[in-house]
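Please read the structure below before turning to the comments.
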Amino acid sequence: MTPEEVSGYRSALAVKVSGFDVPRPIRNFEELSFDTLLMGAIAKQGYEKPTPIQCQALPVALSGRDIIGIAKTGSGKTAAFVFPMIVHILDQDEIEKGQGPIGVVCAPTRELAQQIYTETKKFTKPYGIRVSGIFGGMSKFEQFKEVKAGCEIVIATPGRLIDMIKMKALTMLKATYLVLDEADRMFDLGFEPQIRSIVGQIRPDRQTLLFSATMPRKVERLAREVLSDPVRITVGEVGSANEDITQVVAVLPSDEEKLPWLLNRLPELVDEGDVLVFAATKVKVEEIENRLREKGFKVAALHGDKDQASRMDVLQKFKSGVYHVLVATDVAARGLDIKSIKAVVNFDIAKDMDSHVHRIGRTGRAGDKEGVAYTLIIQKEARFAGELVNSLIAAGQNVPAELADLAMKVSFPFFVWTIYHRGVIY
Ligand code: AMP
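Residue numbers for the sequence shown follow the numbering used here, beginning at -3 and rising by one.
This is how it looks when you write it as structure tokens:
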């Protein structure tokens, strides 16, 4: 491709890059010259063509460069760091017992780590590359034994990884490929010291890939400190909502109308596919779960007070169709990748726009255009309404008149302020 073709192709993919001498994007998986085992595994998963983040991040990561990847949830970023990790590992000497790992992936929550683990295994299996999942809730002893026996890749939550390092189950001496996934969420959950400690134990000439849905200043600072000469790849607008997801906003007078709204709409939503309902607190989650169960819905709940075994059990049953509705708090549902979710209901609004974008990203996975996100907003939440209007406009969605009215309640004084000050300035 000529430089003009490259820039045309990048705009078609909605990919922006910055950095020194950025490798060109690929148009198909064949251009990567992977061996037949990896190509076979990719075909087996039914991946016909690379997603935009994969088109640009794969050639960059395969060239050995560090990456800052800013991509919407569900963009296919896991494969974008897993394929190059496999190639990287195949280039290294074999791991002896007590050595390893070579590839280290850190993720904010158990659920996300579990998902990355499952996705990674699909592609490492043909090579016999050993992958260990190191996350809380499972027996430390079993994990210790598995890791100690040797493994090429660990997929970990930061806290448990540090525990394992302290227990001398593993050393970072051979680690040369580090992935920090959902870095913004890891910071939100207070893992910054743990991340810094892990990074500090890995040799500086490693390859580092940092992925994040948003780039708050503190993540930017970490990226500057731990990456060398990175290529920055942004897919879509930073922190914006996925345009493939249809957003519907219902403005209700007060909290009391929310449950009747849900009970009224739920039968039709369940007919279309699985439904994920977000509520603000554990108490609310359980209350909604109970009310829906009373009405005969096959419903389960997910929140931080449940232990790992029962969370896994709930997810498993939701995936296999035992439950059709899952009610959850933000933390519990972070990073969930369940293809059958066709609707997300924000029973309570998210604490900020970032969380809203993460929440609605639980539907519409990998370009599925049928996802719908419903947001219930009440009169006293005018402040959030303004942000929601902006986000809907940016994602090319309809803005209901009631929502615009609600937003005006807070933005009108700002509007007056702007006119006044402009008047002064000009
Ligand atoms: P991720 O953003 O990595 O969580 O990926 C979201 C979903 O997209 C996962 O279910 C992947 O299995 C799927 N996926 C990743 N890459 C592709 C691809 N090239 N074609 C189709 N599906 C994909």
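The beta-carbon is built from N, C-alpha and C at its ideal position, and this holds for glycine as well.
In or out: residue i buried (at least 16 other Cβ within 10 Å) or exposed?
i    : result
Q41  : exposed
V412 : Because the pLDDT of V412 is 43, which lies under 50, any placement of that residue in the model is unreliable, and the question is left without a value.
F16  : exposed
L169 : exposed
G65  : buried
I415 : For I415, the predicted structure reports a pLDDT of 37, less than 50, and the residue's modelled location is therefore unreliable. A value from the coordinates is still provided. Looking at its Cβ environment, which holds fewer than 16 other Cβ atoms inside 10 Å, I415 is exposed.
G317 : exposed
P200 : exposed
R220 : exposed
A324 : buried
D326 : buried
T32  : exposed
R6   : buried
T167 : exposed
D184 : buried
K254 : buried
Ligand 1 heavy atoms versus the CB of residue i: any closer than 8 Å?
i    : result
E27  : no
T153 : no
S208 : no
R43  : Here residue 43 turns out to be Tyr, not Arg, going by the sequence shown. Yes; taking the cut-off as 8 Å, the Cβ of Y43 has a heavy atom of ligand 1 nearer than that.
A75  : yes
S336 : no
E216 : no
T47  : yes
G367 : no
D159 : no
G392 : no
S71  : yes
E107 : no
D333 : yes
E221 : no
Q243 : no
Q110 : no
Q50  : yes
E138 : no
Is the separation between the beta-carbon of residue i and that of residue j shorter than 9 Å?
i    : j    : result
R202 : L218 : no
F343 : K294 : no
T204 : Q393 : no
G133 : R307 : yes
V227 : R61  : yes
R355 : A381 : no
A397 : V244 : no
I82  : L34  : yes
P97  : V143 : yes
L206 : V175 : yes
G124 : Y173 : no
A403 : L372 : no
K214 : E188 : yes
T47  : S14  : no
G63  : F77  : According to the sequence shown, residue 63 is Ile rather than Gly. In contact: I63 and F77 (Cβ atoms closer than 9 Å).
Q139 : A171 : no
F131 : I158 : no
L322 : E107 : no
K73  : A53  : yes
V353 : L265 : no
So, helix, strand or coil for residue i, using DSSP?
i    : result
Q203 : strand
F16  : coil
S208 : strand
V412 : Any reading at V412 needs caution, since the residue's pLDDT is 43, under 50, leaving its predicted position unreliable; the model's value is listed next. In the structure shown, V412 sits in a helix (DSSP, three-state: H, G or I).
R106 : helix
S224 : coil
S128 : strand
Y113 : helix
I161 : helix
V11  : strand
F293 : coil
N286 : helix
What separation, rounded to the nearest whole angstrom, lies between the Cα atoms of residue i and residue j?
i    : j     : result
I334 : T105  : 16 Å
K338 : V273  : 11 Å
A296 : P(-1) : 52 Å
R287 : A275  : 14 Å
I194 : I149  : 15 Å
D298 : I49   : In the sequence under discussion, the amino acid at residue 298 is Leu, which differs from the Asp named in the question. So the alpha carbons of these two residues sit roughly 30 Å apart.
R358 : E1    : 34 Å
A160 : R181  : Looking at the sequence provided, one finds Met at residue 160 rather than Ala. Cα-Cα distance, rounded: 22 Å.
I38  : F119  : 7 Å
K93  : I85   : 16 Å
R289 : D270  : 15 Å
M163 : V231  : 39 Å
S250 : K405  : 16 Å
I229 : S3    : 13 Å
G443 : I198  : This structure gives no information on residue 443, because the portion of the chain shown stretches from -3 to 422.
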